[in-house]
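Its first residue numbered 6, the sequence shown is counted upward by one per residue in the numbering used here.
Following: one structure in structure tokens, then a few remarks.
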Amino acid sequence: MATRNDDLEPIEPRTAQQLFLDHKETHCSDATVQAHRYKTNHFMEWCEENDVDNLNEISGRDVQTYRLWLQEKSDMKKITMRIHMSTMRVFFKWAGSVEAVPENLYDKVMVPSVSREDRKRDETLDTERAEEILEYLSTYEYASDRHVVMALLWNTGIRIGSAKSIDIEDIDFKNGHLELQHRPDEGTELKNGEGGERLIAISSDLAKLFGDYIDDIRIPIEDDHGRRPLLTTRRGRMSRATMRRLVYDVTAPCFFDDPCEDCKADIKGARCGGAVSPHSIRRGSITHYLSEDVPVDVVSERMNVSRKTLEQHYDKRSEEVKVEQRRAHLEEM
Numbered sequence: 006m007a008t009r010n011d012d013l014e015p016i017e018p019r020t021a022q023q024l025f026l027d028h029k030e031t032h033c034s035d036a037t038v039q040a041h042r043y044k045t046n047h048f049m050e051w052c053e054e055n056d057v058d059n060l061n062e063i064s065g066r067d068v069q070t071y072r073l074w075l076q077e078k079s080d081m082k083k084i085t086m087r088i089h090m091s092t093m094r095v096f097f098k099w100a101g102s103v104e105a106v107p108e109n110l111y112d113k114v115m116v117p118s119v120s121r122e123d124r125k126r127d128e129t130l131d132t133e134r135a136e137e138i139l140e141y142l143s144t145y146e147y148a149s150d151r152h153v154v155m156a157l158l159w160n161t162g163i164r165i166g167s168a169k170s171i172d173i174e175d176i177d178f179k180n181g182h183l184e185l186q187h188r189p190d191e192g193t194e195l196k197n198g199e200g201g202e203r204l205i206a207i208s209s210d211l212a213k214l215f216g217d218y219i220d221d222i223r224i225p226i227e228d229d230h231g232r233r234p235l236l237t238t239r240r241g242r243m244s245r246a247t248m249r250r251l252v253y254d255v256t257a258p259c260f261f262d263d264p265c266e267d268c269k270a271d272i273k274g275a276r277c278g279g280a281v282s283p284h285s286i287r288r289g290s291i292t293h294y295l296s297e298d299v300p301v302d303v304v305s306e307r308m309n310v311s312r313k314t315l316e317q318h319y320d321k322r323s324e325e326v327k328v329e330q331r332r333a334h335l336e337e338m
């Protein structure tokens, strides 16, 4: 039943924003909370410019006016506007749940549609969604193939070719790192050859997940070269195609919550239109580390990508995030 305006509790926009962020802090990373802060700050600015001092007053027409104001003010790309308005939809859905706005206001937020080609060029798995997926997998599919592949790709940011190359012997459980090696003669190449060889630090939680997977789930099999791959199927070393399919499965909106319109994921070989590729996880992982203030050079070395390429193609932080991070560094000086 929709909330009537006379059932709403008066609240100032800034107060609502802070309550929303406090709510997010209970189950989201600092980077996710910051991203929500930056995006909702634009709306706070619009409210102040238009003398809106009670969020109860916001209507569907106001939401549309705000979107047009934001487009004119910032000249955002369509994909960026889509991400921004999706966040505003989350904000208004929360606000409706606490009687700050009409309960169905979030349904009136128009999220721009983006072509598959445009979305593929810039699609990034954001931190909040990655954490939701991993939490679900940890609860309901702990140490499954899907859980291990998703956790490995998100936490390390490596390419699926690198993930395929990992053997059990490449993992140092005691010291908390894994080693990537270029072994073309044995069927496991790294994209940058020997230049891609490196040690990658892993958390104790990720190491434990690997250990539990190896002990309980992994099919104990060797490849044609007598090596023991970390990721296996009944046929041997897990292929890139299998990893892609697992990623498409878990990143689809219909995987554990949102139903998809005209989703074809139940058809063999089909991919849900809302799912993202393994490379989108890599892009999202890199952006996450940068948003957590990990130095660019450290991220560049960990992910085996040049600083120039990282900044041009992988860093998907908004300009607002970058500005606030620079401000924080300057204030610490």
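Cβ coordinates follow ideal geometry from the N, Cα and C atoms, glycine included.
It should be emphasised that the depicted structure is a prediction, and the values quoted were computed from it without experimental measurement.
Legend entry - DSSP-derived helix/strand/coil call for glycine 148: For the purposes of this step, residue 148 is taken as the residue at position 143 of the sequence shown. With the sequence shown as reference, residue 148 is identified as alanine, and glycine is not the correct amino acid for it. It is coil, neither helix nor strand.
Inset, instruction - Give me the Cα-Cα distance between leucine 236 and arginine 249, rounded to the nearest whole angstrom. - result: The sequence position of residue 236 within the sequence shown is 231, counting from 1. The sequence position of residue 249 within the sequence shown is 244, counting from 1. So the alpha carbons of these two residues sit roughly 13 angstroms apart.
Inset, instruction - With DSSP collapsed to three states, give me the class of aspartate 267. - result: Translated into positions along the sequence shown, residue 267 becomes position 262. Low confidence applies to aspartate 267: its pLDDT is 48, below 50, so where it sits in the model is not reliable, and the reading given next is rough at best. If DSSP states are grouped into helix, strand and coil, aspartate 267 belongs with coil.
Legend entry - Beta-carbon contacts of valine 114 that lie in its chain and below 7 angstroms, excluding the five residues immediately before and after: Sequence index remark: in the sequence shown, residue 114 carries index 109 (1-based). Here the set comprises Val68, Met90, Met93, Arg94, Phe97.
Legend entry - Cβ-Cβ separation, asparagine 160 to isoleucine 207 (assumed contact under 8 angstroms), whole Å: As a first step, residue 207 is located in the sequence shown; it is residue number 202 there, counting from the start. As a first step, residue 160 is located in the sequence shown; it is residue number 155 there, counting from the start. Rounded, the Cβ-Cβ distance is 7 angstroms, consistent with contact.
Inset, instruction - Please name the residue, chosen from Asp254, Lys44, Ile173, Phe215, that lies closest to aspartate 228 on a Cα-to-Cα basis. - result: In the sequence shown, counting from the first residue as 1, residue 228 sits at position 223. Checked all of Asp254, Lys44, Ile173, Phe215; the closest Cα to aspartate 228 is Ile173.
Inset, instruction - Might you give, ordered along the chain, the residues of its own chain that have their beta carbon closer than 7 angstroms to the beta carbon of threonine 20, omitting 5 neighbours on each side? - result: For the purposes of this step, residue 20 is identified with residue 15 of the sequence shown, where counting begins at 1. Closer than 7 angstroms at the Cβ level, and outside the excluded window around threonine 20, lies no residue.
Legend entry - One or two residues paired with histidine 206 in a DSSP bridge: As a working note, residue 206 is residue 201 in the sequence shown. Looking at the sequence shown, residue 206 is not histidine but alanine. DSSP output for alanine 206 lists His182 as bridge partner(s).
Legend entry - C-alpha gap between aspartate 217 and threonine 45, whole angstroms: Stepping through the sequence shown from its first residue, residue 217 is reached at position 212. Stepping through the sequence shown from its first residue, residue 45 is reached at position 40. Here the C-alpha atom of aspartate 217 lies approximately 41 angstroms from the C-alpha atom of threonine 45.
Inset, instruction - Give the single residue among Ala105, Thr129, Lys78 whose Cα lies nearest to the Cα of isoleucine 88. - result: One-based indexing of the sequence shown puts residue 88 at position 83. Here the closest residue by C-alpha is Thr129.
Legend entry - As assigned by DSSP and simplified to three states, the class of glutamate 162: By one-based count along the sequence shown, residue 162 stands at place 157. Glutamate is not the amino acid found at residue 162; the sequence shown has glycine there. Correct three-state label for glycine 162: coil.
Inset, instruction - Note the first and the last residue of the continuous alpha helix (DSSP H) segment covering phenylalanine 96. - result: Numbered from 1 along the sequence shown, position 91 holds the residue referred to as residue 96. That run of the alpha helix (DSSP H) goes 83-102.
Inset, instruction - Would you list the residues sitting across from aspartate 172 in a DSSP beta bridge? - result: As a working mapping, residue 172 is identified with position 167 in the sequence shown. The partner list for aspartate 172 (beta bridge, DSSP) reads Pro234.
Legend entry - Beta-carbon spacing of asparagine 309, arginine 203 below 9 angstroms: For the purposes of this step, residue 309 is taken as residue 304 along the sequence shown, with counting starting at 1. For the purposes of this step, residue 203 is taken as residue 198 along the sequence shown, with counting starting at 1. Less than 9 angstroms separates the beta-carbon of asparagine 309 from that of arginine 203.
Legend entry - Contact between the region 132-142 and the region 286-297 (3+ Cβ pairs under 8 angstroms): By the C-beta criterion, the region 132-142 is judged to be in contact with the region 286-297, since at least 3 inter-stretch pairs fall below 8 angstroms.
Legend entry - Cutoff 9 angstroms: arginine 188 Cβ touching any chain D Cβ: Reference to chain D is not applicable here, since this structure consists of a single protein chain.
Legend entry - Selected residue, minimal CA-CA separation from arginine 288, among Gly279, Val303, Lys29, Glu316: Sequence index remark: in the sequence shown, residue 288 carries index 283 (1-based). If we check each option's Cα against that of arginine 288, Glu316 comes out closest.
Legend entry - Reduced DSSP category for threonine 31 - H, G, I as helix; E, B as strand; rest coil: Position 26 of the sequence shown, counting from 1, holds the residue named residue 31. In the structure shown, threonine 31 sits in coil (DSSP, three-state: anything other than H, G, I, E or B).
Inset, instruction - Could you check the C-alpha separation between aspartate 35 and glutamate 297 for me, to the nearest Å? - result: Residue 35 sits at position 30 when you count from the first residue of the sequence shown. Residue 297 sits at position 292 when you count from the first residue of the sequence shown. A straight-line Cα-Cα distance of about 8 angstroms links aspartate 35 and glutamate 297.
Legend entry - Own chain residues within Cβ distance below 6 angstroms of serine 118, not counting five before or after: For the purposes of this step, residue 118 is taken as residue 113 along the sequence shown, with counting starting at 1. Within the same chain, serine 118 has no close Cβ partners at all.
Inset, instruction - Classify threonine 193 as helix, strand or coil using the three-state DSSP reduction. - result: Counting from 1 along the sequence shown, the entry for residue 193 is found at position 188. Note: threonine 193 maps to strand in three-state DSSP.
Inset, instruction - Can you give me the Cβ contacts of glutamate 14 inside the same chain, cut-off strictly under 8 angstroms, excluding the 5 residues immediately before and after it? - result: Here residue 14 corresponds to residue number 9 of the sequence shown, with the count starting at 1. In chain order, Asn61, Val103, Glu104, Ala105 place their CB closer than 8 angstroms to the CB of glutamate 14, counting only its own chain and leaving out the 5 sequence neighbours on each side.
Legend entry - Check whether glycine 198 and arginine 307 have beta carbons under 9 angstroms apart: For this step, residue 198 is matched to residue 193 along the sequence shown. For this step, residue 307 is matched to residue 302 along the sequence shown. Contact: no.
Legend entry - DSSP three-state assignment for aspartate 220, whether helix, strand or coil: Indexing the sequence shown from 1 puts residue 220 at position 215. In this structure, aspartate 220 counts as helix in the three-state DSSP scheme.
Inset, instruction - Decide if lysine 273 is buried, meaning its Cβ has at least 16 other Cβ atoms within 10 Å, or exposed. - result: Residue numbering aside, residue 273 sits at position 268 when the sequence shown is read from its first letter. Bear in mind that the predicted position of lysine 273 carries a pLDDT of just 46, short of 50, making it unreliable; the figure below should be weighed with that in mind. So lysine 273 ends up on the exposed side.
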